[in-house]
Amino acid sequence: MPSSIHVQSYAKINWTLDVLFKREDGYHELRTIYQTVSLHDELKLSETTGAIEIACEDPRVPCDETNLAFKAAVLLREATGTSKGARIEIEKRIPVAAGLGGGSSNAAATLLALIRLWQIEIDERELIRIAARLGSDVPFFLIGGTALGVGRGEEVSPIEQVHCEHLLLVNPGFAVSTRDAYEKLSRLTSSEAASIIPFTLPAAKGIRELPLVARNDLEEPVLAAYPEIAEVKRRLLSLGARHALMSGSGATVFGVFDNSEMAGHAESELRAFGYWAERVRTVGRQEYHATIFQ
Ligand code: ATP
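In structure tokens:
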């Protein structure tokens, strides 16, 4: 029986994000294409006699019952009836509240790891249901790679994989709340929904071109409210990015580069300017599942 499990909890970007309309339940109806990238947190999970404990040195991450990994462990325990516990140590590398899905990824990684650690069985549909309760992005991290997300993003389907070697993630160092980002999309109402043609569905057909035509409906209103994010995007483009786009609800922007020299140069320049910047590449579904457990 494994006494502890090490997990790589990957970040995501969104190649596309269409916000269709606000639903009656308060969520927005989305069409998105998610992508896992090589930046990851490290999680170590060890079995305890019953307690669920979180340890994380990053002050922006709560170590109590509000941590998404904690919530994941509680829901999995309830669903399977096990009385086992776990200590979950989180080494954070993914910027927090940055549009990179760090908390959601930690939650999904915790579910997958605890199934092994506790040696329990759970029906796949039940697992997806638990993931969706934890957050709209959590089911995506059960499959990884490139995937289409509909509904509030929680209904995911694997699609053809996008490969992109030279991406640069840049974060200006402040958080944009997901709720705020959606509230800035005031132009959307249910009555307009019928006239909105989502970009995502045709984009899924021309998948290989996606890095250069990626699009995000939240970008315009968020950039208008946070000129510093627009500045990050402008700098990425002036440093040679073929395309640059805000990920999810921001504030991280990703740049798509032609080669590692240009991406490396942009990374040094943007770090010198005081931004957090990290070169990444896409992680396809096969690699995702082959490397999630170390
Ligand atoms: P998304 O793109 O899914 O909206 P995000 O990348 O913008 O997510 P997260 O990094 O997931 O945002 O963090 C959102 C909030 O969740 C933070 O304010 C943080 O306090 C809280 N949180 C709870 N658990 C975690 C965790 N394990 N890691 C990071 N943040 C967490």
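Per our numbering, the sequence shown runs over residues -1 to 292.
Yeah, the Cβ is synthetic: ideal placement off N, Cα and C, and Gly gets one too.
Assigned secondary structure, residue i (DSSP; H/G/I helix, E/B strand, else coil)
{"i": "Leu112", "result": "helix"}
{"i": "Leu140", "result": "helix"}
{"i": "Pro156", "result": "strand"}
{"i": "Tyr32", "result": "strand"}
{"i": "Phe68", "result": "helix"}
{"i": "Asn104", "result": "helix"}
{"i": "Leu74", "result": "helix"}
{"i": "Lys182", "result": "coil"}
{"i": "Val281", "result": "coil"}
{"i": "Ala288", "result": "helix"}
{"i": "Val251", "result": "strand"}
{"i": "Val148", "result": "strand"}
Start-to-end residues for the alpha helix (DSSP H) that takes in residue i
{"i": "Leu3", "result": "Correcting the residue identity first, residue 3 is Ile in this sequence and not Leu. Per DSSP, Ile3 belongs to no alpha helix (DSSP H); it is in the beta strand (DSSP E), 2 to 20."}
{"i": "Ile227", "result": "225 to 236"}
{"i": "Val211", "result": "208 to 211"}
{"i": "Glu124", "result": "122 to 132"}
{"i": "His263", "result": "258 to 270"}
{"i": "Ala202", "result": "198 to 203"}
Sequence-distant residues of its chain with Cβ nearer than 6 angstroms to residue i (five each side left out)
{"i": "Lys231", "result": "Ala242, Val251"}
{"i": "Glu226", "result": "Pro170"}
{"i": "Arg213", "result": "Thr14, Phe197"}
{"i": "Leu41", "result": "Val5, Ser7, Ile88, Ala107"}
{"i": "Ser247", "result": "Gly97, Val174, Thr176, Ala179, Leu216"}
{"i": "Gln159", "result": "Gly143, Thr144, Gly282"}
Alpha carbon of residue i to alpha carbon of residue j, nearest angstrom
{"i": "Leu216", "j": "Ser245", "result": "9 angstroms"}
{"i": "Val174", "j": "Thr14", "result": "18 angstroms"}
{"i": "Ile194", "j": "Glu229", "result": "29 angstroms"}
{"i": "Leu166", "j": "His263", "result": "10 angstroms"}
{"i": "Ser1", "j": "Gly79", "result": "20 angstroms"}
{"i": "Ser282", "j": "Ala145", "result": "The question names Ser, yet the displayed sequence has Gly at residue 282. In a straight line, the C-alpha of Gly282 is about 10 angstroms away from that of Ala145."}
{"i": "Glu63", "j": "Asn257", "result": "43 angstroms"}
{"i": "Arg123", "j": "Glu153", "result": "12 angstroms"}
{"i": "Leu234", "j": "Glu276", "result": "13 angstroms"}
{"i": "Phe19", "j": "Pro156", "result": "24 angstroms"}
{"i": "Ile86", "j": "Ala53", "result": "6 angstroms"}
{"i": "Gln284", "j": "Thr30", "result": "21 angstroms"}
{"i": "Gly147", "j": "Ser103", "result": "15 angstroms"}
{"i": "Gln292", "j": "Asp39", "result": "12 angstroms"}
{"i": "Lys182", "j": "Arg21", "result": "16 angstroms"}
{"i": "Pro200", "j": "Thr289", "result": "31 angstroms"}
Cβ-Cβ separation, residue j to residue i (assumed contact under 8 angstroms), whole Å
{"i": "Leu115", "j": "Glu45", "result": "6 angstroms"}
{"i": "Leu98", "j": "Ala9", "result": "4 angstroms"}
{"i": "Val220", "j": "Ala179", "result": "5 angstroms"}
{"i": "Val17", "j": "Leu28", "result": "6 angstroms"}
{"i": "Tyr25", "j": "Arg150", "result": "4 angstroms"}
Neighbourhood of residue i by C-beta distance below 8 angstroms, restricted to the same chain and skipping five residues each side
{"i": "Ala105", "result": "Leu66, Ala67, Lys69, Ala70, Ala129, Leu132, Gly133, Val136, Phe139"}
{"i": "Leu112", "result": "Leu43, Ala70, Ala71, Leu74, Ala84, Ile118"}
{"i": "Ser81", "result": "Gly48, Arg75"}
{"i": "Leu237", "result": "Gly253, Met260, His263, Ala264, Glu267, Leu268"}
{"i": "Gly272", "result": "Gly171"}
{"i": "Val94", "result": "Asp56, Arg58, Val59, Gly100, Gly101, Ala173"}
{"i": "Leu37", "result": "Tyr8, Ala9, Arg91, Ile92, Leu98, Leu167, Glu276, Val278"}
Chain C contact for residue i (CB, 8 angstroms cutoff)
{"i": "Ser247", "result": "No chain C is present in this structure, which holds just one protein chain."}
Residue range of the unbroken beta strand (DSSP E) whose run includes residue i
{"i": "Ile52", "result": "50 to 54"}
{"i": "Ile88", "result": "83 to 89"}
{"i": "Leu166", "result": "165 to 169"}
{"i": "Leu216", "result": "First-last for Leu216: undefined, no H or E at that position."}
{"i": "Glu276", "result": "274 to 278"}
{"i": "His241", "result": "241 to 244"}
Same chain, Cβ closer than 7 angstroms to residue i, five either side skipped, listed in chain order
{"i": "Ile50", "result": "Phe68, Ala71, Val72, Gly83, Ala84"}
{"i": "Cys162", "result": "Pro209, Val254, Arg279, Thr280"}
{"i": "Ile120", "result": "Ala77, Thr78, Ile113"}
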